[in-house]
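The structure appears right after this line, and notes come after that.
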Amino acid sequence: MAHIEHSTLLCSFYRGCSTAIVSLAFAALLPPCCAQPSVIRYALKPCSPSPAIVIRNVEVKTQMDRGQAILAFTVNVRRPLEVPTLRITVNDEALNRPEPEYKLCDLVQRDREDNARDSCNLDPQVYHAEVKVSGYQAFFLTSEGARSKLRFEVIDKGQVVGCYSNVP
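Mature numbering (1 follows the signal peptide of the UniProt record, and there is no 0) puts the sequence shown at residues -35 to -1, 1 to 133.
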């Protein structure tokens, strides 16, 4: 009789485990299908007046992978820039490490004619740019609800030609 109780107990244990495993597997598949990435918009104001460049439509999109986000923005170049770089800081800390600056031409999406050129010069037009952010900076940008101190500085020929921030 003890043997029957033991096998019955063992069978119900396996049934419970398999149900739990199936439930966990289903739960693991469910979030990517049903969860929507969040989008947080940052309203930027100019730190200094700039006739050369304007940065607008800044938003942070969380990705499904934990700890990652995409910082997307629009760059309106108003006069030609030669090899411009972009310094982005979050809470006074550089986003790009170990280099503090990005080449702006590597971030912007250009049409095929612009991509065919090897130069990093940007002609006057509107570009869309994206930066992948990970780690604690992605956490700050996505979890603080646009309260993180976000600052963009565009540098051309060693001088800041545009500065935009969400805090004065």
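The beta carbon of each residue, even a glycine, is placed where N, CA and C say it ideally should be.
- Between the beta-carbon of LEU87 and that of LEU46 there is about 5 Å, and that keeps the pair under the 8 Å contact cut.
- Looking at the DSSP output, PHE117 bridges to ILE53, TYR129.
- For SER108, the uninterrupted alpha helix (DSSP H) segment begins and ends at 100 to 108.
- Residue environment for ASP121: buried (at least 16 other C-beta atoms within 10 angstroms of its C-beta).
- Assignment of LEU72 by DSSP, reduced to helix, strand and coil, places it in the helix class.
- When the five nearest sequence neighbours on each side are left out, the beta carbons in the same chain lying within less than 7 Å of the beta carbon of ASN22 are those of PHE38, THR39, in order along the chain.
- In the structure shown, CYS85 falls within a coil segment according to DSSP collapsed to helix, strand and coil.
- Cα atoms of ALA103 and ALA34: separation of roughly 6 Å, rounded to the nearest angstrom.
- At the C-beta level, THR50 and ARG116 stay beyond 8 Å of one another.
- Residue pairing of GLN90 in beta bridges, as defined by DSSP: VAL42.
- Short of 8 Å from the beta carbon of THR107, and not among the five residues preceding or following it, lie these beta carbons of its own chain, in chain order: SER3, ILE5, VAL25, THR27, ALA34.
- Beyond the five residues adjoining it in sequence on each side, CYS128 comes within less than 6 Å, by CB distance, of CYS12, SER13, GLU118 in the same chain, given in chain order.
- Assignment of PRO63 by DSSP, reduced to helix, strand and coil, places it in the coil class.
- Judged by beta-carbon spacing, LEU36 lies within the 8 Å limit of VAL98, meaning their Cβ atoms are closer than that value.
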